[in-house]
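Here the structure comes first, spelled out in structure tokens, and everything after it is commentary.
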Amino acid sequence: MNRLHFNSMNILQFTLYSVNTRWFIVGIATIMMALSASSYGYNAVSFYLFTTGMGVFFTVALFLVIKALLYYKDFLRELIDPAKLHYSFSLVGIVGLTGICASKLFYWHTVTYIFWYAALVLWVSTTLSSFTVLFLYRKSEDRRIEEILHGGWFFVVIGTQFMALLSIDVAGQATGHTLLIQYFSFALWSVGTFLYLMFMAFMIWRLVFYPVTHDTELSSYWLITGAAAVTTMAGVALYQQVQMTGGPFAELLPFLKGFSLFFWFIGLWWLPFLIILVIRKQICGSWKLPFNVGYWEIVLSLSLYATGTKQLTGLFDERFIITFALYISIIGAVAYCFASSFTLAHLTVIPVWKAIPLQAVAVKWHALLGNVIHVLQIAVYSVNARWFIVAMATIMMALSSSSYGYNAVSSYLFITGLGVFFTVVIFMGIKAFLYYEDLLHELLDLEKLHYSFSLVGIVALTGICVSKLFGLHTVTYIFWYAALVLWVITTLSSFTILFLYRKSEDRKIEEILHGGWFFVVIGTQFTALLSIDVAGQVTGHTLLIQYISFVLWSVGTFLYLTFMTFVVFRLVFYPVTHDTELSSYWMNTGAAAITTVVCAALHQQIYMTGDPLGELLPFLKGFALFFWSIGLWWLPFLIILAIRKQVKKGWKLPFTVGYWEIVFAICLFATGTTQLTGLFDEHFIITFALYISIIGAVAYCFASSFTLAHLIVIPAWKTIPLQAVTIKWHPIRRGTIHILQIAACSASLRWLTSAMVTITI
Numbered sequence: 000m001n002r003l004h005f006n007s008m009n010i011l012q013f014t015l016y017s018v019n020t021r022w023f024i025v026g027i028a029t030i031m032m033a034l035s036a037s038s039y040g041y042n043a044v045s046f047y048l049f050t051t052g053m054g055v056f057f058t059v060a061l062f063l064v065i066k067a068l069l070y071y072k073d074f075l076r077e078l079i080d081p082a083k084l085h086y087s088f089s090l091v092g093i094v095g096l097t098g099i100c101a102s103k104l105f106y107w108h109t110v111t112y113i114f115w116y117a118a119l120v121l122w123v124s125t126t127l128s129s130f131t132v133l134f135l136y137r138k139s140e141d142r143r144i145e146e147i148l149h150g151g152w153f154f155v156v157i158g159t160q161f162m163a164l165l166s167i168d169v170a171g172q173a174t175g176h177t178l179l180i181q182y183f184s185f186a187l188w189s190v191g192t193f194l195y196l197m198f199m200a201f202m203i204w205r206l207v208f209y210p211v212t213h214d215t216e217l218s219s220y221w222l223i224t225g226a227a228a229v230t231t232m233a234g235v236a237l238y239q240q241v242q243m244t245g246g247p248f249a250e251l252l253p254f255l256k257g258f259s260l261f262f263w264f265i266g267l268w269w270l271p272f273l274i275i276l277v278i279r280k281q282i283c284g285s286w287k288l289p290f291n292v293g294y295w296e297i298v299l300s301l302s303l304y305a306t307g308t309k310q311l312t313g314l315f316d317e318r319f320i321i322t323f324a325l326y327i328s329i330i331g332a333v334a335y336c337f338a339s340s341f342t343l344a345h346l347t348v349i350p351v352w353k354a355i356p357l358q359a360v361a362v363k364w365h366a367l368l369g370n371v372i373h374v375l376q377i378a379v380y381s382v383n384a385r386w387f388i389v390a391m392a393t394i395m396m397a398l399s400s401s402s403y404g405y406n407a408v409s410s411y412l413f414i415t416g417l418g419v420f421f422t423v424v425i426f427m428g429i430k431a432f433l434y435y436e437d438l439l440h441e442l443l444d445l446e447k448l449h450y451s452f453s454l455v456g457i458v459a460l461t462g463i464c465v466s467k468l469f470g471l472h473t474v475t476y477i478f479w480y481a482a483l484v485l486w487v488i489t490t491l492s493s494f495t496i497l498f499l500y501r502k503s504e505d506r507k508i509e510e511i512l513h514g515g516w517f518f519v520v521i522g523t524q525f526t527a528l529l530s531i532d533v534a535g536q537v538t539g540h541t542l543l544i545q546y547i548s549f550v551l552w553s554v555g556t557f558l559y560l561t562f563m564t565f566v567v568f569r570l571v572f573y574p575v576t577h578d579t580e581l582s583s584y585w586m587n588t589g590a591a592a593i594t595t596v597v598c599a600a601l602h603q604q605i606y607m608t609g610d611p612l613g614e615l616l617p618f619l620k621g622f623a624l625f626f627w628s629i630g631l632w633w634l635p636f637l638i639i640l641a642i643r644k645q646v647k648k649g650w651k652l653p654f655t656v657g658y659w660e661i662v663f664a665i666c667l668f669a670t671g672t673t674q675l676t677g678l679f680d681e682h683f684i685i686t687f688a689l690y691i692s693i694i695g696a697v698a699y700c701f702a703s704s705f706t707l708a709h710l711i712v713i714p715a716w717k718t719i720p721l722q723a724v725t726i727k728w729h730p731i732r733r734g735t736i737h738i739l740q741i742a743a744c745s746a747s748l749r750w751l752t753s754a755m756v757t758i759t760i
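Here the sequence shown stands for residues 0 to 760, where the numbers follow numbering that gives the first Met the number 0.
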């Protein structure tokens, strides 16, 4: 009896330390695989998978009940732990998903109703209790944000959206109160969508501003893609339900279709970053592969994304989406087999799985490190040019002038913008050759990192001008390919650095967070705008390019909303002193304006070509006005901030390249307002667009004069310390070298804005 008692205690102790609500993920992933198998006709396989998932569900529930009875204090502590609290929504998710399977696989409608009521009670009680604990529970002073914030928060979204999916299924079966259940389904989908966007801002905040070490558990972050996928699934299901029944929700069909595609693209955008995070962790962990229930979070996310992609084909019956859904489903099936084998082996022979060192895979990186670093340095130096803002502003001025019929002026402005662009490139090359250590430090500086997207913006903007001003379509294609490659490289490299680069303890959030972050949005939206232009010229693959354009616009829109949250948080909770550089905050308006421009262009392109994206026209039209209104809302606050700073500084006006950011933002808003007249042909909008364009032209003339005066008048250079740059130049003649030193050391990414402004007017 003593031996039996000892073994029983060991089993219960194992239950205490190993089983929690997170293990419901295994059941959810298995049942999702059953749904995926059923969608491809493997009904026999789906039955066994569903049975296995239910077995896992009841086993975990049984162990949790034992744990709650015997170790209730520890169980209660876990339930109110902010780091684990959100996993309780996995219970809501598995109950809702079981109800969906009971309906779709076995047509047990009565059982579905029972699961719907159970899921509804669970969702209400879990939502109220968990958020009450989050809001009111005592926050300990030694809590660590990086441990509390993780991808597990997205189980709130997943549980809510599964509840919405089950409600949609019930609405299709009910004989009464159908409209009420549809309203309830839409409410759940809306809440899940809102929570996803909010938690996404939290996750990016955590990855950017808190360290990601090799000990950080990254598997939960895959739920970012999984939550986006289940939001897509709920959007598609709601669309199909409303399309069949009609009624007051019929006008929302374009809205639902657009948001379904939007969230699918967001999930797709996250996949490469998640893969990079996994590879980096494996390298830092010497390729060890210890068992963790987190593998099932990856499996669940892949199966959700595969099912979401398959569901999306019900709205967009395109061959490439169907093929992509098949590939993702295969990857999900392979991941499921791996996780199942790993879990069974872990539960059967625990001592064997403490850690699996894969020495055969562990390549000796030290021999390759030097060469890789040199290659990365060369690639990094070619995109580190903040002064491209000057060129971007100039080219935007060229576009604006052309829209009002000043073609001769626009040609000169375009050439000027290109001149600034190539000049900055040359000086960046000199700086990279002579001061590579400083440039590498700038590249890894979180405060300046986002300006690298100005290179993407200027390349895409040049391609747009080449097409619209000169009709050189072949050259436009070249710029399009270049912009796409640059966008992919810059996005992957910059966000990888943001997420993985070591966060110093003495960093200041108020210095890192600024309006320059919106250059990520601007570069992305300019690439989308160029893609729309290319789609209007090509004779084949037009629909595919339209989808690429919509992808880029969706990513840019999502990033704008996220960064806007960050910037508002910075302005509200951190001091704005008279030394704070405020010019970059004008990009709030500029980024909103370029998002409006892309919306209008995509609307006009789809209006001409028609299906299958034709239903998205009201969605795009509404979003165009939405973002234009946001940009307009920011303008008075930006003016107040500028006046307040001038008053504090005694109306001094020292030169800074930030003036070009203001010019660029005004030019973008003028162009966005002009484009909006194509959707809303109202006289007051046309007049307002003209006034904003005039203000932009005046600001451009001021910035150009100020910049030339600064560059020509020698005393202006006394503020630049040359001691650090003169050491390497003694053997060379002083006169020429001093000029090169000044140009090379002063050039930074912000000067690209100036060139962009000129091309705009």
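Glycine included, each C-beta is placed from N, C-alpha and C at the ideal position.
DSSP beta-bridge partners of residue i
i      : result
VAL662 : Partner(s): none; VAL662 has no beta bridge.
Residues near residue i by beta carbon distance below 7 Å, same chain, minus five either side
i      : result
PHE134 : none
GLU77  : ASN19, LYS83
SER139 : none
Member of the options whose CA lies at the smallest distance from the CA of residue i
i      : options                        : result
ALA702 : LEU61, VAL458, PRO653, GLY52   : PRO653
LEU270 : TYR86, LEU491, PHE572          : LEU491
THR174 : VAL120, THR109, TYR690, ILE691 : THR109
GLY313 : PHE618, CYS283, LEU255         : LEU255
GLY416 : ASP444, SER302, ILE457         : ILE457
VAL389 : TYR326, SER401, PHE413         : PHE413
LEU615 : TYR106, GLY257, LEU34          : GLY257
LEU303 : ILE394, LEU460, GLU510, ILE30  : ILE30
LEU217 : SER189, LEU499, PHE49          : LEU499
THR159 : PHE341, LEU75, PHE183, LEU178  : PHE183
PRO253 : VAL235, SER300, GLN181, GLY266 : VAL235
MET395 : ALA249, SER129, THR673         : THR673
TYR690 : LEU678, GLY671, GLY677, PHE679 : GLY671
VAL123 : ILE93, LEU187, LEU69, ASP141   : LEU187
Residues near residue i by beta carbon distance below 6 Å, same chain, minus five either side
i      : result
PHE264 : VAL550, SER553
ALA698 : VAL662, ILE665
SER328 : SER35, ALA305
HIS149 : SER219
LYS520 : For the record, residue 520 in the displayed sequence is Val; it is not Lys. Here the set comprises GLY555, LEU558, TYR559, ALA590.
VAL18  : PHE62
LEU260 : none
PHE74  : LYS66, ALA67
Beta-carbon gap between residue i and residue j smaller than 8 Å
i      : j      : result
THR489 : SER530 : no
LEU121 : THR20  : no
ILE144 : ALA82  : no
ALA592 : GLY630 : yes
ALA599 : THR526 : no
LEU196 : LEU497 : no
THR230 : VAL156 : yes
THR125 : PHE154 : no
VAL292 : ILE24  : yes
TRP107 : LEU165 : no
LEU512 : PHE565 : yes
ALA397 : LEU468 : yes
Beta-carbon proximity list for residue i, same chain, < 8 Å, skipping 5 on both sides
i      : result
MET243 : GLY171
SER38  : THR306, LYS309
VAL241 : GLN181, PHE248, ALA249, LEU251, LEU252, LEU255
Open item on the list: Quick check on the DSSP output: what are the complete alpha helix (DSSP H) runs of length 4 or more inside the segment 210–268, in order along the chain?
Closed with: 222–244
TODO: Scan the segment 559–637 and note each continuous alpha helix (DSSP H) run of 4 residues or more that stays entirely inside, going in chain order.
DONE: If only uninterrupted alpha helix (DSSP H) runs of at least 4 residues are considered, those enclosed by the segment 559–637 are 586–608.
Open item on the list: For a minimum of 4 consecutive residues, which ranges assigned as the alpha helix (DSSP H) are wholly contained in the segment 74–103?
Closed with: 88–103
Task: Ordered list of beta strand (DSSP E) runs contained in the segment 457–494, each at least 3 residues - done: Restricted to the segment 457–494, not a single beta strand (DSSP E) segment is unbroken, complete and at least 3 residues in length.
Task: Completely contained beta strand (DSSP E) runs for the segment 142–208, where each covers 3 or more residues - done: none
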